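In order, the protein sequences belong to chains A and B.
Here the numbering used here is used: the first residue of the first sequence is 1, the next is one more, and so on.
Here the numbering used here is used: the first residue of the second sequence is 143, the next is one more, and so on.
There are 2 protein chains.
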Amino acid sequence: MASVRIREAKEGDCGDILRLIRELAEFENLSHQVKISEEGPCLVGYGIYCFIYSTWKGRTIYLEDIYVMPEYRGQGIGSKIIKKVAEVALDKGCSQFRLAVLDWNQRAMDLYKALGAQDLTEAEGWHFFCFEGEATRKLAGK
Amino acid sequence: MASVRIREAKEGDCGDILRLIRELAEFENLSHQVKISEEGPCLVGYGIYCFIYSTWKGRTIYLEDIYVMPEYRGQGIGSKIIKKVAEVALDKGCSQFRLAVLDWNQRAMDLYKALGAQDLTEAEGWHFFCFEGEATRKLAGK
């Protein structure tokens, strides 16, 4: 495989990241949910993370999305991105590292488990709930 | 029911919030996972939220936990806390409001659905994955 470098995103990457986000949406059959627009040129994968708070464990890192272009899969790039996020987690004082995966994406689930993750939906019964925009506005009485 | 006020937490609430966190852990049968200590005196419920990022929808609010003491349940306090979080979400420019719930907590699931939330684990197959401390350190090679 060609040499791949895992690095933090920089401003000039925006166009490329948008392209990958659209590819991810297609892969997840959720293209209709994408609300962004713009064009641009060449990264082969990305991970988007943010910091959340676990009531019992404190500062936690949350990997919102990870994506690798189809022609670059099977080369360990996804694992490298995940390892990089784990490094950031420890650097920032997070012991816990959470992420979400679609249950039909067996390849991703197998990878995360092989890397040491636990499926908390399976093990403890956690379900994701979401209020979309209209429901949020209704809730807030706006 | 006695009059209940939904308000932002302040510094002096810490002891009380810790007490509620421990009660929540007992309710969820996850007391062994609580890593905090300290004592204190009188709130009857809380919600802990933080801000995350949805790749497709942008700024999003995430309700990490919500808890109401057993003797105060059935009075609409949980709904009021959720509505307050929805107000904060809109004030901060978040259209999406996410939370997680244990699948055996039917009362909570029914409430969230009645308020307009969608169960994304059921509808789209999202599973929660987590690397705990040891797994995170192993991933990062530390």
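Yeah, the Cβ is synthetic: ideal placement off N, Cα and C, and Gly gets one too.
None of the values given here were measured: they were computed from a predicted structure.
{"Asked": "Look at Q33(A) and W198(B) and say whether their C-beta atoms are less than 7 Å apart.", "Found": "yes"}
{"Asked": "Run down chain A in chain order and give the residues with a C-beta less than 8 Å from the C-beta of V243(B).", "Found": "W126, H127 and F129"}
{"Asked": "Answer yes or no: does any C-beta atom of chain A fall closer than 7 Å to that of I194(B)?", "Found": "yes"}
{"Asked": "Return helix, strand or coil for T202(B), following the three-state DSSP convention.", "Found": "strand"}
{"Asked": "With burial defined as no fewer than 16 other Cβ atoms inside 10 Å of the residue's Cβ, what is the status of L172(B): buried or exposed?", "Found": "exposed"}
{"Asked": "DSSP has R240(B) in a bridge; who is on the other side?", "Found": "C130(A) and Y204(B)"}
{"Asked": "Are the stretch 220-234 of chain B and the stretch 186-203 of chain B in contact at 8 Å, needing three or more beta carbon pairs?", "Found": "yes"}
{"Asked": "What does the alpha-carbon distance come out to for the pair R279(B) and R147(B)?", "Found": "42 Å"}
{"Asked": "Measuring straight from C-alpha to C-alpha, what distance separates T60(A) and E213(B)?", "Found": "31 Å"}
{"Asked": "Check whether chain B comes within 7 Å of Q106(A), counting only Cβ atoms and requiring the distance to be less than that.", "Found": "no"}
{"Asked": "Below 7 Å between beta carbons: does that hold for A143(A) and E229(B)?", "Found": "Any answer about residue 143(A) is impossible in this case: the structure gives chain A only from 1 up to 142."}
{"Asked": "Rounded to whole angstroms, what's the CA-CA distance from L160(B) to Y209(B)? Just pull it up for me.", "Found": "12 Å"}
{"Asked": "Quick one: list the residues of chain B neighbouring E145(A), beta-carbon separation under 8 Å, in chain order.", "Found": "Summary: the structure shown does not reach residue 145(A), with chain A confined to residues 1 through 142, and so no result is reported for it."}
{"Asked": "Would you please verify whether the beta carbon of L162(B) is less than 7 Å from any beta carbon of chain A?", "Found": "no"}
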